[in-house]
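Please read the structure below before turning to the comments.
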Amino acid sequence: MPDRRELANAIRILAMDAVQQANSGHPGMPMGMADIAEVLFNDYLKLNPGNPLWPDRDRFILSNGHGSMLQYAVLHLTGHDVSLEDLRQFRQLHSKTPGHPENFMTTGVETTTGPLGQGLANAVGMALAEAVLAARFNRDDTAPIVDHYTYCFAGDGCLMEGISHEACSLAGTLGLGKLIVFYDDNGISIDGRTEGWFTDDTPQRFEAYGWQVIRNVDGHDSGEIKTAISNARKETARPTLICCKTIIGWGAPNKRDSAGIHGAALGDEEIAAARAELGWADSTRFAIPDALYAGWDKRASGAQQEQDWQERFEAYAASHPDAAAEFERRMAGRLPDAWAGLADDIIKQAQQAAQDTATRKSSKAVLEALAAQLPELLGGSADLSGSNGTDFSGHQPISADNYSGNYVYYGVREFAMSAISNGLSLHGGFVPFTATFLTFSDYARNAVRMAALMGAHNVFVYTHDSIGLGEDGPTHQAVEHLASLRLIPSLHVWRPADAVEVAVAWRAAIERRDGPAALALTRQNVTHNPRSAEQIAAIARGGYVLHEPDAPVQAIAIATGSEVELAMAAATQLAADGIGVRVVSMPCVEVFLAQDVAWQEQVLPAAISARVAVEAGVSDGWWRLVGCHGRVIGVDRFGLSAPAADVYAAMGVTATAVAAALRELLG
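FYI, in my numbering the residues of the sequence shown are 12 to 678.
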């Protein structure tokens with residue numbers, strides 16, 4: 012049996028060779044953390060290469076994702092569907108081994124990492140998911156069916172990013188005892204030695220968060236690493252930070268412990284020297300001895316771990332068949348059988364109520380109806396629960412003493428909240444939602460982008476969506492945010508006009524399985540719009556005809572959210588003069604543009620070029636729908652502090668302005 016150092020050196024060799032072949036990548040971290048990875052994967056990590064998605068596997072997160080070759084090497088060595096040819100194709104077009112780990116590209120990668128600190132926050136979300144599922148499904152009379160750890164590798168860069176403070180502070184407060192983070196304390200970042208810009212007392216910082224901290228572990232001593240992991244697993248009430256002192260590029264005699272090995276190929280001469288340093292006789296690239304493959308292979312042991320769990324689950328199912336069926340449904344991401352009827356009823360009730368109300372309040376009403384029937388719904392707000400309308404009557408806070416709830420008080424942590432929610436989604440078993448004011452989506456934006464990139468099933472609730480929030484003024488009035496969010500590929504941005512559109516937006520967000528949705532909701536009341544059954548069905552297509560004039564259609568007014576009532580009022584004004592104006596409600600531009608050409612032509616006929624779009628936000632994005640001959644009534648400046656009606660008037664976002672623009676277009 013090969014010794015541990017030889018097993019770890021297999022990672023180092025593959026990392027050096029792959030980066031050299033690609034002439035691109037980061038060999039330093041994989042070489043520095045190889046010994047830690049060897050102990051973790053060979054002695055502790057519960058995984059099955061033959062079925063990487065089995066429910067009770069341990070989760071491994073590489074937050075310092077620039078060191079992706081460590082993860083690819085380990086996946087290859089343990090027997091996952093990552094071949095030697097895949098390693099040779101590192102960083103090449105359409106390969107399974109892209110520059111940073113991507114959950115949708117590579118078997119065994121749990122989350123996409125690279126933007127530093129976000130993987131760490133994802134890990135907090137996954138550990139939270141494990142704790143909540145365990146509280147809901149484990150029973151005292153059977154062996155636990157939810158009982159796994161979340162392990163995370165993180166570097167100096169992850170801990171310098173502010174999101175690490177937000178996420179790790181909350182993790183300590185929630186007492187996530189099955190979260191174990193390895194801090195790669197090598198003292199080097201891209202610019203050189205971190206002592207010039209990172210002198211925090213990191214262990215003391217994490218102790219202040221309420222973490223167990225295991226200090227001064229030699230990251231190249233397998234005995235110390237194993238002792239640290241064993242001690243971390245004994246702590247059940249606190250997450251653990253294992254501070255591992257490592258040497259970046261360990262094994263490279265001339266470039267190790269320097270910034271030069273952080274993000275560049277070593278070069279043939281240094282690779283040859285490293286092979287000699289490591290006692291690696293074979294100079295052939297990517298050549299791993301059979302004995303090392305045998306030492307790493309986890310196919311048989313992993314299959315046995317899953318089989319052991321399957322037997323426990325079958326015993327659990329015999330005693331608790333309903334709970335077992337519910338667990339399987341949720342982990343498979345299937346909605347309840349009664350879902351379609353429930354969603355139909357919520358929409359029907361909103362239409363029948365015919366209330367003029369703020370869409371944030373309509374959203375709260377939807378949550379009231381959903382929460383009892385959709386147990387996988389797990390949400391929270393960044394210290395704005397009442398304002399966001401997410402504090403539905405059935406919400407039960409999650410705490411370190413009680414994981415059986417369905418609501419997280421995230422505190423003022425918008426960025427971490429969104430990334431933690433991504434972790435909840437990727438773990439499985441939940442449909443997570445988060446909430447804050449739309450203007451604060453800026454704080455969270457990169458996590459929203461990552462949700463879209465990963466295809467995470469996530470619902471971002473953003474209230475106070477425009478200048479309509481009034482007196483708080485320009486710092487809080489979202490102006491550019493809708494347009495900015497719409498620029499993120501694969502994010503569906505819903506801005507509903509009334510309670511009915513809110514209900515449809517929620518339904519679409521929950522039913523969507525391949526990406527996130529953002530709901531932009533008003534603080535101020537909006538007017539209810541009567542609709543036919545056909546119109547209600549059409550809302551889900553993103554854009555539809557809300558009002559058709561009695562006179563022949565001469566012009567089209569397009570609007571979203573609270574400005575739909577302005578478009579309706581403008582159409583009424585022009586109808587008095589015999590001018591026929593169609594009003595198109597466009598609650599989700601992305602969904603509308605994904606419809607077939609026939610639907611788009613039906614709603615926005617090319618023959619009608621007199622078009623005006625109105626939205627209380629920047630105008631840029633609307634020109635693609637109104638065309639070069641159209642007009643946009645928007646807000647291309649920051650807002651004002653005053654009552655909402657006064658702000659709208661001062662900014663020229665009025666029914667009169669819409670009507671005037673339509674008249675001008677019609678000559």
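Beta carbons: idealized from backbone N, C-alpha and C, even for Gly. Because the structure is a prediction, the values reported are computed rather than measured.
> Terminal residues of the continuous alpha helix (DSSP H) containing Arg23?
Replying inline: Counting from one through the sequence shown, the residue named residue 23 turns up at place 12. Counting along the chain, the alpha helix (DSSP H) containing Arg23 begins and ends at Arg15 to Ala33.
>> With DSSP as the reference, identify every bridge partner of Lys256, one or two as the case may be.
In response: On the sequence shown, residue 256 is found 245 positions in, with the first residue counted as 1. Lys256 pairs with Asp196 and Asp229.
> Can you tell me where the beta strand (DSSP E) with Tyr454 in it begins and where it stops?
Replying inline: Within the sequence shown, numbered from 1, the residue matching residue 454 stands at position 443. Premise fails: Tyr454 lies in the alpha helix (DSSP H), Ser452 to Met465, not in any beta strand (DSSP E).
>> Would Arg70 and His159 qualify as a contact pair, given that the criterion is a beta-carbon distance under 8 Å?
In response: In the sequence shown, counting from the first residue as 1, residue 70 sits at position 59. In the sequence shown, counting from the first residue as 1, residue 159 sits at position 148. Contact flag set, yes.
> Any idea what DSSP makes of Ser573, helix, strand or coil?
Replying inline: By one-based count along the sequence shown, residue 573 stands at place 562. Residue state, collapsed to three classes: helix.
> Is Ala29 near Gly36, with beta carbons less than 8 Å apart?
Replying inline: Locating residue 29 in the sequence shown gives position 18, counting from the first residue. Locating residue 36 in the sequence shown gives position 25, counting from the first residue. Yes; because the gap between Cβ atoms is below 8 Å, this pair is in contact.
> Can you list, in chain order, the residues of its chain whose CB lies under 6 Å from that of Tyr454, leaving out five sequence neighbours each side?
Replying inline: Along the sequence shown, one-based indexing puts residue 454 at 443. Excluding sequence neighbours, Tyr454 sits near Glu425 and Phe426.
>> I'd like the list of long-range same chain contacts for Glu559, defined as Cβ closer than 7 Å, with 5 residues on each side in sequence excluded.
In response: Position 548 of the sequence shown, counted from the first residue, corresponds to residue 559. Only Arg593 meet the Cβ criterion.
>> With H, G and I counted as helix, E and B as strand and the rest as coil, what does DSSP make of Asn242?
In response: Here residue 242 is taken as the residue at index 231 of the sequence shown, counted from 1. Three-state DSSP puts Asn242 in a helix.
>> Can you tell me whether Trp222 is helix, strand or coil according to DSSP?
In response: As a first step, residue 222 must be located in the sequence shown, where it is residue number 211. The answer is coil: DSSP assigns Trp222 none of H, G, I, E or B.
> At which residues does the alpha helix (DSSP H) containing Leu434 begin and terminate?
Replying inline: For the purposes of this step, residue 434 is taken as the residue at position 423 of the sequence shown. According to the sequence as given, residue 434 is Gly; it is not Leu. First-last of the alpha helix (DSSP H) with Gly434: Glu425 to His438.
> Can you check whether the CB of Thr533 is closer than 8 Å to the CB of Ala661?
Replying inline: For this step, residue 661 is matched to residue 650 along the sequence shown. For this step, residue 533 is matched to residue 522 along the sequence shown. Contact: no.
> Could you give the uninterrupted runs of the beta strand (DSSP E) lying entirely in the region 484 to 559, keeping only those of 3 residues or more?
Replying inline: Segments of the beta strand (DSSP E) lying fully in the region 484 to 559: 503 to 505, 528 to 531 and 555 to 558.
>> Along the chain, where does the alpha helix (DSSP H) containing Ile357 start, and where does it finish?
In response: The residue you call residue 357 lines up with position 346 of the sequence shown. Taken as a continuous stretch (DSSP letters only), the alpha helix (DSSP H) holding Ile357 covers Trp350 to Ala364.
> Are at least three pairs of beta-carbons, each pair with one atom in the region 500 to 507 and one in the region 661 to 673, less than 8 Å apart?
Replying inline: Because the criterion of three Cβ pairs below 8 Å is not met, the region 500 to 507 and the region 661 to 673 do not touch.
> In whole angstroms, what is the alpha-carbon distance linking Val614 and Asp412?
Replying inline: As a working mapping, residue 614 is identified with position 603 in the sequence shown. As a working mapping, residue 412 is identified with position 401 in the sequence shown. Looking at the two C-alpha atoms, the distance is approximately 53 Å.
>> Run through the DSSP bridge pairs and tell me what Thr474 is partnered with.
In response: As a first step, residue 474 must be located in the sequence shown, where it is residue number 463. Per the DSSP secondary-structure output, Thr474 pairs in a beta bridge with Phe448.
> Bridge partners of Phe297, per DSSP?
Replying inline: Here residue 297 corresponds to residue number 286 of the sequence shown, with the count starting at 1. Beta-bridge annotation (DSSP): Phe297 is not paired with any residue.
> Roughly how far, in whole angstroms, is the beta-carbon of Ser233 from the beta-carbon of Asp46, given that I think they are within contact range, below 8 Å?
Replying inline: Mapped onto the sequence shown, residue 233 falls at position 222. Mapped onto the sequence shown, residue 46 falls at position 35. Correct: roughly 6 Å between the Cβ atoms.
> Can the beta-carbon of Gly645 be found less than 8 Å from the beta-carbon of Glu626?
Replying inline: Within the sequence shown, the letter at position 634 stands for residue 645. Within the sequence shown, the letter at position 615 stands for residue 626. Yes, these two residues count as a Cβ contact at 8 Å.
> Can you list, in chain order, the residues of its chain whose CB lies under 7 Å from that of Pro109, leaving out five sequence neighbours each side?
Replying inline: Here residue 109 refers to the residue found at position 98 of the sequence shown. In the same chain as Pro109, and ignoring 5 residues on each side of it, the C-beta atoms closer than 7 Å to its own belong to Arg102 and Met116, in chain order.
> What distance in whole Å lies between the Cβ atoms of Asn53 and Leu437, which are believed to be in contact at a cut-off of 8 Å?
Replying inline: Your numbering for residue 437 matches position 426 in the sequence shown. Your numbering for residue 53 matches position 42 in the sequence shown. Asn53 and Leu437 do not touch by the CB rule: their CB atoms are close to 25 Å apart, not below 8 Å.
> Any idea what DSSP makes of Asn8, helix, strand or coil?
Replying inline: Given that the chain is displayed from residue 12 to residue 678, the structure contains no residue 8 and the question cannot be resolved.
> Apart from the five residues just before and just after Leu395, which ones in its own chain have a Cβ nearer than 7 Å to its Cβ?
Replying inline: Taking the sequence shown and counting its residues from 1, the one referred to as residue 395 is at position 384. Excluding residues within five positions, the ones whose Cβ falls inside 7 Å are Ala446, Thr447 and Phe448.
> Taking only runs of the beta strand (DSSP E) that begin and end inside the region 362 to 401, which ones reach a length of at least 3 residues, in chain order?
Replying inline: For the region 362 to 401, whole beta strand (DSSP E) runs of length 3 or above, ordered along the chain, are 388 to 392.
> Is the region 403 to 412 touching the region 477 to 494 in the sense that three or more CB pairs, one from each, lie closer than 8 Å?
Replying inline: At 8 Å Cβ cutoff, the stretches do not touch.
> Under a Cβ-count criterion, where at least 16 other Cβ atoms within 10 Å of its own Cβ denotes burial, should Val423 be classed as buried or exposed?
Replying inline: Looking up residue 423 in the sequence shown gives position 412. Under a 10 Å Cβ-count criterion, Val423 is classified as exposed, with fewer than 16 other Cβ atoms of the shown protein chains found around its own Cβ.
> So Ala165 and Val135 are in contact, right, with Cβ under 8 Å, and what is the actual spacing, rounded?
Replying inline: On the sequence shown, residue 165 is found 154 positions in, with the first residue counted as 1. On the sequence shown, residue 135 is found 124 positions in, with the first residue counted as 1. The Cβ separation is near 11 Å, so there is no contact.
>> Between Ala520, Leu378 and Ala248, which has its C-alpha nearest Ala463's C-alpha?
In response: As a first step, residue 463 is located in the sequence shown; it is residue number 452 there, counting from the start. Per the Cα distances, Ala520.
> Starting from Gly130 and walking both ways along the alpha helix (DSSP H), at which residues does that stretch end?
Replying inline: Reading the sequence shown from its first residue, position 119 is the one you call residue 130. DSSP places Gly130 inside the alpha helix (DSSP H), whose first and last residues are Gln129 to Phe148.
>> Within a Cβ cutoff of 8 Å, which residues of the same chain sit near Met461, ignoring the five residues on either side of it in sequence?
In response: As a position in the sequence shown, residue 461 is number 450, starting the count at 1. If we look at Met461 and ignore the five residues flanking it on each side, its Cβ neighbours are Thr123, Pro126, Gln129, Ala430, Asn433 and Ala467.
> Who pairs with Val564 in a beta bridge, going by DSSP?
Replying inline: Here residue 564 refers to the residue found at position 553 of the sequence shown. The beta-bridge partner set that DSSP reports for Val564 consists of Gly591.
> Closer than 7 Å: is that where the CB of Arg102 sits relative to any heavy atom of the ligand FAD?
Replying inline: In terms of ligand content, the structure shown is empty, and the ligand FAD therefore cannot be addressed.
>> I'd like the list of long-range same chain contacts for Met137, defined as Cβ closer than 6 Å, with 5 residues on each side in sequence excluded.
In response: Locating residue 137 in the sequence shown gives position 126, where the first residue counts as 1. If we look at Met137 and ignore the five residues flanking it on each side, its Cβ neighbours are Arg70, Thr161, Gly434 and His438.
> Any idea which residues DSSP pairs Tyr162 with across the strands?
Replying inline: If you number the sequence shown from 1, residue 162 lands on position 151. Partner(s): Phe71 and Ile191.
>> For a test of the three-state rule: what should DSSP assign to Thr583, helix, strand or coil?
In response: Locating residue 583 in the sequence shown gives position 572, counting from the first residue. Look at Thr583 here: in three-state DSSP terms it is helix.
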